[in-house]
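Under UniProt numbering, the first residue of the sequence shown is numbered 1, with each subsequent residue one higher. We treat Cβ as the ideally placed atom computed from N, Cα and C, and that holds for glycine. Remember, it's a predicted structure, so these values are computed and weren't measured experimentally. Structure, as structure tokens:
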Amino acid sequence: MMMKALVSNRNIGTRVLNLASGKSFGKGVELQDLSIPTLSSQEILVKVHAVALNPTDFKHIDIISPRNAIIGCDYAGVVTSVGKEAPGGWKVGDRVAGAVHGGLFPDRGSFAEYLKVDGDLAWKIPDGIKDEEAATYGVSAVTAMLALNARLGLPWADDAVDVEGDNNDAQQTPNARTILIYAGSTCAGLFHVQLAKLAGYTVVATASPRSFDLVKSYGADTVYDYKSASAVQDIISAFPNISSAVDCYSEGKSTEFCTKVLKATGGRKVITLLDMGKSSTPGVEYELIMAYTLFGRPFAWLQPVGPKFAAIPSDRTALARFYANLPRLISKLKPPPIRLIDGGFDGILMGLDDLRQGKVSGSKLVAKL
């Protein structure tokens with residue numbers, strides 16, 4: 001059987017040129033007819049109904065993806081086949097969502113009519129949750145989990161809060177520790193804010209003034225204008241016990257902003273989502289995280305000249321735990337604002353170009369297939 005999928009088609013020369021220039025030359029992707037992926041005994045096959053778009057998708061198209069890799073990470077759909085030993089108790093017809101490491105493999109990516117997924121690295125969509133909502137709990141959500149729970153050691157939401165009832169004691173602890181979330185209005189930032197609140201932390205965020213109400217509605221205790229000349233000192237004065245920071249922007253001077261705060265408050269670590277180099281401030285370290293380590297497989301970029309990344313089994317365990325508990329957490333972990341885009345695969349390409357040009361703010365682009 002065949003399916004349609006968006007597949008990368010750049011050669012290594014164009015990818016290196018794009019990396020060096022910061023531009024995107026050529027289309028870089030095409031709609032192809034491919035064979036439906038073959039399952040291992042541990043995998044399930046998903047008919048894709050909706051996909052969410054991420055900046056990593058166009059970055060893979062422009063720079064990272066080798067030829068013939070299926071693009072796309074976030075998805076929601078329905079199970080159509082189950083491997084004989086696939087964990088998770090899946091049945092044909094179950095609604096399912098999650099994220100995969102799209103953009104690197106010829107048989108694994110969400111911008112396709114079908115995709116295969118490890119049975120324990122997906123979550124069952126509860127009744128009442130739309131496909132377009134479920135698709136947003138992909139890269140942005142699992143990155144927040146990786147940063148806060150797996151790296152910084154914040155309490156897990158399923159431990160800290162009685163998700164079956166209305167017990168919000170963890171959110172009301174008077175001496176809760178404090179964390180800084182830079183770029184709180186991004187999709188990743190909104191998930192970081194929510195998971196940190198569920199862990200019982202006071203959340204200080206940055207955003208542009210037009211997004212203050214949005215970020216507060218997702219649980220931030222206070223939001224500061226990142227462009228304000230006094231923002232760093234204002235945060236230090238009001239919250240002298242900030243223990244750590246996550247930089248959900250990780251470009252320009254964003255990490256430097258976080259470092260200045262932690263240097264004064266005694267915090268020790270800034271988690272970054274892009275490579276910001278090494279910290280030059282004694283006592284404050286930077287740690288780069290990537291959601292791709294959550295899938296339990298080694299990978300490499302720009303082969304054979306690019307960096308290689310080893311598998312991190314503990315990250316895979318963390319993702320399995322997060323998705324196993326997400327159906328019970330869903331009432332306390334809401335999706336970001338959604339902007340539906342029409343046009344199927346053509347709509348995905350237009351949406352990716354909007355992301356590439358920085359035209360998307362305060363919402364998650366989602367396309368239905």
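Grouping DSSP H, G and I as helix and E and B as strand, with all else coil, what is residue i?
{"i": "residue 202", "result": "strand"}
{"i": "residue 105", "result": "strand"}
{"i": "residue 250", "result": "coil"}
{"i": "residue 172", "result": "Bear in mind that the predicted position of residue 172 carries a pLDDT of just 44, short of 50, making it unreliable; the figure below should be weighed with that in mind. Correct three-state label for residue 172: helix."}
{"i": "residue 136", "result": "coil"}
{"i": "residue 236", "result": "helix"}
{"i": "residue 8", "result": "strand"}
{"i": "residue 67", "result": "coil"}
{"i": "residue 320", "result": "helix"}
{"i": "residue 157", "result": "helix"}
{"i": "residue 130", "result": "coil"}
{"i": "residue 15", "result": "helix"}
{"i": "residue 3", "result": "strand"}
{"i": "residue 302", "result": "coil"}
{"i": "residue 80", "result": "strand"}
{"i": "residue 164", "result": "Low local confidence applies: a pLDDT of 43 at residue 164 is under 50, so the model's placement there is unreliable, with the coordinate-based value given in what follows. Coil at residue 164, not helix or strand."}
{"i": "residue 190", "result": "helix"}
{"i": "residue 25", "result": "coil"}
{"i": "residue 30", "result": "strand"}
{"i": "residue 355", "result": "helix"}
{"i": "residue 326", "result": "helix"}
{"i": "residue 113", "result": "coil"}
{"i": "residue 51", "result": "strand"}
{"i": "residue 197", "result": "helix"}
{"i": "residue 263", "result": "helix"}
{"i": "residue 35", "result": "strand"}
Who are the near neighbours of residue i in its chain, counting only those whose CB is closer than 6 Å to its CB and skipping five residues on each side?
{"i": "residue 296", "result": "311 and 316"}
{"i": "residue 156", "result": "149"}
{"i": "residue 164", "result": "Note that residue 164 scores 43 on pLDDT, short of 50, meaning its location in the model is unreliable and no value can be drawn from it."}
{"i": "residue 187", "result": "140, 336 and 364"}
{"i": "residue 325", "result": "158"}
{"i": "residue 143", "result": "188 and 291"}
{"i": "residue 360", "result": "354"}
With residue i and residue j assumed to form a contact (beta carbons below 8 Å), what rounded beta-carbon distance in angstroms separates them?
{"i": "residue 129", "j": "residue 103", "result": "Rounded, the Cβ-Cβ distance is 26 Å, inconsistent with contact."}
{"i": "residue 219", "j": "residue 194", "result": "5 Å"}
{"i": "residue 89", "j": "residue 117", "result": "About 14 Å; that fails the 8 Å criterion."}
{"i": "residue 44", "j": "residue 79", "result": "5 Å"}
{"i": "residue 320", "j": "residue 120", "result": "5 Å"}
{"i": "residue 370", "j": "residue 70", "result": "The first residue shown for the chain is 1 and the last is 369, placing residue 370 beyond what the model contains."}
{"i": "residue 366", "j": "residue 52", "result": "5 Å"}
Quick one: residues in its chain with C-beta nearer than 8 Å to the C-beta of residue i, no 5 flanking neighbours on either side, listed in chain order?
{"i": "residue 4", "result": "31, 32, 33, 34, 112, 113 and 345"}
{"i": "residue 284", "result": "259, 262, 263, 267, 268, 269 and 270"}
{"i": "residue 243", "result": "177, 178, 179, 265, 266, 267 and 268"}
{"i": "residue 226", "result": "182, 183, 206, 207, 208, 254 and 257"}
{"i": "residue 350", "result": "341 and 343"}
{"i": "residue 389", "result": "Nothing in the structure corresponds to residue 389, since the chain is present only between 1 and 369."}
Evaluate residue i with the Cβ neighbour count: other Cβ atoms within 10 Å of its Cβ, from every protein chain shown; 16 or more gives buried, anything less gives exposed.
{"i": "residue 38", "result": "exposed"}
{"i": "residue 66", "result": "buried"}
{"i": "residue 20", "result": "exposed"}
{"i": "residue 93", "result": "exposed"}
{"i": "residue 10", "result": "buried"}
{"i": "residue 288", "result": "exposed"}
{"i": "residue 370", "result": "Outside the shown range of the chain, which is 1 to 369, sits residue 370, and nothing can be said about it."}
{"i": "residue 275", "result": "exposed"}
{"i": "residue 108", "result": "buried"}
{"i": "residue 374", "result": "No statement about residue 374 is possible, as the shown extent of the chain runs from 1 to 369 and does not include it."}
{"i": "residue 15", "result": "buried"}
{"i": "residue 25", "result": "exposed"}
{"i": "residue 1", "result": "exposed"}
{"i": "residue 336", "result": "buried"}
{"i": "residue 241", "result": "exposed"}
{"i": "residue 447", "result": "Outside the modelled stretch of the chain, which goes from 1 to 369, sits residue 447, for which no answer is possible."}
{"i": "residue 251", "result": "exposed"}
{"i": "residue 62", "result": "buried"}
Note down, in chain order, each residue of its chain lying with its Cβ closer than 7 Å to the Cβ of residue i, except the 5 sequence neighbours on either side.
{"i": "residue 85", "result": "41 and 42"}
{"i": "residue 151", "result": "271, 287 and 289"}
{"i": "residue 48", "result": "75, 77, 110, 112, 113, 114, 115 and 369"}
{"i": "residue 212", "result": "223"}
{"i": "residue 330", "result": "126 and 129"}
{"i": "residue 232", "result": "257, 260 and 261"}
{"i": "residue 169", "result": "Residue confidence is low: residue 169 scores 43 on pLDDT, short of 50, so the model does not pin down where it sits. Its coordinate-derived value is still stated next. Nothing listed; no residue qualifies."}
Mind checking who residue i pairs with in its DSSP beta bridge?
{"i": "residue 272", "result": "247 and 288"}
{"i": "residue 338", "result": "364"}
{"i": "residue 396", "result": "Beyond the ends of the chain as shown, which are 1 and 369, falls residue 396; an answer cannot be given."}
{"i": "residue 178", "result": "202 and 242"}
{"i": "residue 225", "result": "207"}
{"i": "residue 256", "result": "Residue 256 pairs with nothing; no bridge assigned."}
{"i": "residue 308", "result": "300"}
{"i": "residue 44", "result": "82 and 117"}
Is any beta-carbon of chain B found at less than 9 Å from that of residue i?
{"i": "residue 29", "result": "Here chain B cannot be found, since the structure has a single protein chain."}
Less than 8 Å separating the Cβ of residue i from some heavy atom of the ligand GTP?
{"i": "residue 306", "result": "Ligands displayed in this structure: none; no statement on the ligand GTP is therefore possible."}
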